[in-house]
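First residue of the sequence shown? That's -15 in our numbering, and the numbers climb one at a time after it. Quick reminder that beta carbons are idealized off the backbone N, C-alpha and C, glycines included. All values derive from a computational prediction rather than experimental measurement. Here the structure is laid out as structure tokens; the discussion comes afterwards.
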Amino acid sequence: GLALAAAADYEALLLSPVAPLGSCSVVARTSQDRTLSTARGTEVVSDPTNVLAIECATRLRASPRAAARLCTIHQVLRAQPLRPVPGYTRHFRMLALAEAGRARAEDGFEVAAFARQLGVYARLLDACAARGWTATGRRIVVLARADASTLGDRVAAALTAVDPGAALERRELDAPYYDGLRVLYGASAPGTGDFLPLADLGRFDWVATLTSNHKLRYVASGCGILLIPQLFGGSAPRATSSGS
-15 GLALAAAADY EALLLSPVAP LGSCSVVART SQDRTLSTAR GTEVVSDPTN VLAIECATRL
45 RASPRAAARL CTIHQVLRAQ PLRPVPGYTR HFRMLALAEA GRARAEDGFE VAAFARQLGV
105 YARLLDACAA RGWTATGRRI VVLARADAST LGDRVAAALT AVDPGAALER RELDAPYYDG
165 LRVLYGASAP GTGDFLPLAD LGRFDWVATL TSNHKLRYVA SGCGILLIPQ LFGGSAPRAT
225 SSGS
């Protein structure tokens, strides 16, 4: 309820537990080893942002000048080794947001999409805090590739306006998974004070590739929502906590 309320500006979809084989490794060009494949040409969804990219591409292929703004809450299963972080498990509940549309001048599409999506996560943290699950020490980390530094500047300025109380950090991006820009949004981990990313936002070339239309842009993000009450004062079953 809290997550979908925070994402009220997005069209909510209910995804199938399985997707066509290769939805993760082909769309995002990652290893199939992170995904549980089936014997019937399908795979258990390991990242709903890949599936939402396919849906966005289908819509924009039919109407190239339209825009898609989608969200889902999905029980995700991943097969890769876990990082040693308290609360991380291989299956967890994820809020995923996705936006696709035509490029605009001065990175207008990306700036608006990143700001809108970070606003969802800020509202979610505010709603959780109202229930006693307070994530303190909020921080925004903007990671930009060297050739996307101007985009990074524009997005950073927009995000500080969305959550002016959050600290801003800039880093260089060294991850080919993203199309030039990644944003981490999180808070201080209880006990240690270390930065704990709660939401991961990025620009991707997936929709442009799927449609063979390189004027299209795609920004997507995910947040393991049960990690918030588990670590910040509430309780959540460990088997369904976050582990992105």
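Identity of the residues DSSP links to residue i by a beta bridge
| i | result |
| --- | --- |
| Asp184 | Leu168, Gly206 |
| Val191 | According to DSSP, Val191 bridges with nothing at all. |
| His75 | Leu61 |
| Glu128 | According to the sequence displayed, residue 128 carries Ala and not Glu. Paired residue(s): Glu156, Leu165. |
| Gly85 | Arg201 |
| Cys40 | Beta-bridge pairing links Cys40 to no other residue. |
| Glu27 | Ala3, Ser21 |
| Arg53 | Glu83 |
Buried or exposed by the 16-neighbour rule on C-beta atoms within 10 Å, applied to residue i
| i | result |
| --- | --- |
| Gly206 | buried |
| Ala(-8) | exposed |
| Tyr161 | exposed |
| Ala220 | At Ala220, the pLDDT of 46 sits below 50, so the modelled position is not reliable and the matter cannot be decided from this model. |
| Ser134 | Here residue 134 turns out to be Thr, not Ser, going by the sequence shown. Label assigned to Thr134: exposed. |
| Ala223 | Note on Ala223: pLDDT 43, under 50, position unreliable in the model; the coordinate value appears next. Ala223 is exposed by the Cβ-count criterion. |
| Ala183 | buried |
| Ser0 | exposed |
| Ser7 | buried |
| Glu83 | buried |
| Thr33 | buried |
| Ala295 | Given a span of -15 to 228 for the chain in the structure shown, any question on residue 295 remains unanswerable. |
| Gly(-15) | exposed |
| Gly175 | exposed |
| Ala(-11) | exposed |
| Ala159 | exposed |
| Arg230 | Nothing can be reported for residue 230, as the shown portion of the chain is limited to -15 through 228. |
| Ala229 | Residue 229 lies beyond the range of the chain shown here (-15 to 228); nothing can be said about it. |
Closest by C-alpha distance to residue i, when choosing among the options
| i | options | result |
| --- | --- | --- |
| His75 | Ile209, Gly217, Phe216, Arg100 | Ile209 |
| Gly85 | Thr42, Gln214, Pro181 | Thr42 |
| Trp117 | Arg154, Ala46, Ala173 | Ala173 |
| Thr211 | Arg53, Leu79, Ser0 | Looking at the sequence provided, one finds Leu at residue 211 rather than Thr. Ranking the options by Cα distance to Leu211, first place goes to Leu79. |
| Glu39 | Leu81, Arg62, Arg67, Thr73 | Leu81 |
| Arg100 | Ala204, Ala132, Arg24 | Ala204 |
| Ala111 | Leu61, Pro213, Val139 | Pro213 |
| Leu180 | Ala119, Ala113, Leu44, Glu83 | Ala119 |
| Glu(-5) | Ala3, Leu(-14), Leu36, Thr22 | Leu36 |
| Ser47 | Leu61, Val60, Leu200 | Leu200 |
| Gly177 | Ala159, Phe216, Arg45, Ala51 | Phe216 |
| Leu61 | Val167, Ser21, Ala159 | Ser21 |
| Phe98 | Gln64, Ala113, His58, Ala140 | Ala140 |
| Val125 | Ala(-11), Val191, Ala142, Ala113 | Ala142 |
| Leu102 | Ala50, Arg45, Thr73, Ala150 | Ala150 |
Cβ-Cβ separation, residue j to residue i (assumed contact under 8 angstroms), whole Å
| i | j | result |
| --- | --- | --- |
| Arg122 | Ala171 | 5 angstroms |
| Arg129 | Gly164 | 4 angstroms |
| Thr56 | Leu127 | With 8 angstroms as the limit, Thr56 and Leu127 do not qualify as a contact, their Cβ atoms being about 25 angstroms apart. |
| Tyr169 | Tyr105 | 5 angstroms |
| Leu108 | Ala(-13) | 6 angstroms |
| Leu157 | Arg166 | 6 angstroms |
| Arg77 | Gln59 | 6 angstroms |
beta-carbon residue i near the ligand PLP non-hydrogen atom, thresh 6 angstroms
| i | result |
| --- | --- |
| Lys199 | With respect to the ligand PLP, the structure shown offers nothing to examine, as it has no ligands at all. |
Q: Examine the Cβ distances between the stretch 93 to 103 and the stretch 188 to 198 and report whether three or more of them are shorter than 8 angstroms.
A: no
Q. Should the stretch 133 to 153 be called in touch with the stretch 25 to 38, which here means at least 3 C-beta pairs below 8 angstroms?
A. no
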